[in-house]
Amino acid sequence: MRGSSATMFLDRLLAANERYAAGHPLANLDAPPSERLAIVTCMDARIDPLPLLGLRPGQAHVLRNAGARVTDDVLRSLVISQQALGTDVVIVMPHTSCGLLGLDPATLHPRRAAGRPATRLDFHPMSDLEAALRQDIQSLRESPWIGENAEIHGLILDTATGYIVRPDL
Ligand SMILES: [Zn+2]
């Protein structure tokens, strides 16, 4: 998207925000999630994380990235979620037919020369959803940053049906 069409798109989004803010239904929520829950899920556009677990805004933190991987930045956010905002349950929830599954990181490149070397990125590729989830759950359970009392769960969302399965991890 380029030029005036990008401007028109942004204008449409900001106009929608004017209507939203006029009502602002979430104005009175507290920052600490009332269900003391943090959900790590994928950025996939088909996933609406709160309703599919019967939750509403204000009840859980939602951390999203490509593949629902437990990256350093997810760990950083979970530490803040737990230690500054009182959560003690973590659900890591990747999903079937994820765009990251089988994606070859060698196909991803810097798009332009910017006068300095491009930052090296770890794309956290995965070829086996359940194996990747098992590894991520294990890394959380073993992390010194996560308290022993924290509950760590791994679930897999079937994006075709909306049902969640609970794998043996
Ligand atoms: Zn995904």
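Heads up, the sequence shown is in the working numbering, so the first residue is 979 and it goes up one at a time. Ideal Cβ placement from N, Cα and C applies to all residues, glycine included.
For residue i: DSSP bridge partner residues
i, result
"alanine 1038", "Leu1015"
"histidine 1073", "Leu1135"
"threonine 1043", "For the record, residue 1043 in the displayed sequence is asparagine; it is not threonine. Asparagine 1043 is bridged to Cys1020."
Residue i - DSSP class collapsed to helix/strand/coil
i, result
"glycine 1132", "strand"
"leucine 1033", "coil"
"valine 1068", "strand"
"glutamine 1048", "Residue 1048 is actually valine in this sequence, not glutamine. Coil at valine 1048, not helix or strand."
"isoleucine 1058", "helix"
"leucine 1079", "strand"
Cβ of residue i within 8 angstroms of any chain D Cβ
i, result
"proline 1083", "Looking at the structure shown, chain D is missing, and only one protein chain is on hand."
Buried versus exposed call for residue i [16 or more other C-beta atoms within 10 Å across all chains shown]
i, result
"arginine 1034", "exposed"
"proline 1027", "buried"
"isoleucine 1017", "buried"
"aspartate 1136", "exposed"
Spatially closest choice to residue i from the options, by CA coordinates
i, options, result
"leucine 1015", "Asp1022, Asn995, Asp1066", "Asp1066"
"valine 1040", "Ala1138, Pro1145, Thr1019, Ile1124", "Thr1019"
"alanine 1009", "Ser1105, Asp1114, Gln1060, Thr1085", "Gln1060"
"leucine 1030", "Met1071, Ser982, Arg1047, Leu988", "Met1071"
"valine 1068", "Gly1080, Leu1053, Asp1082", "Leu1053"
Any non-hydrogen atom of ligand 1 within 7 angstroms of residue i CB
i, result
"glycine 1045", "yes"
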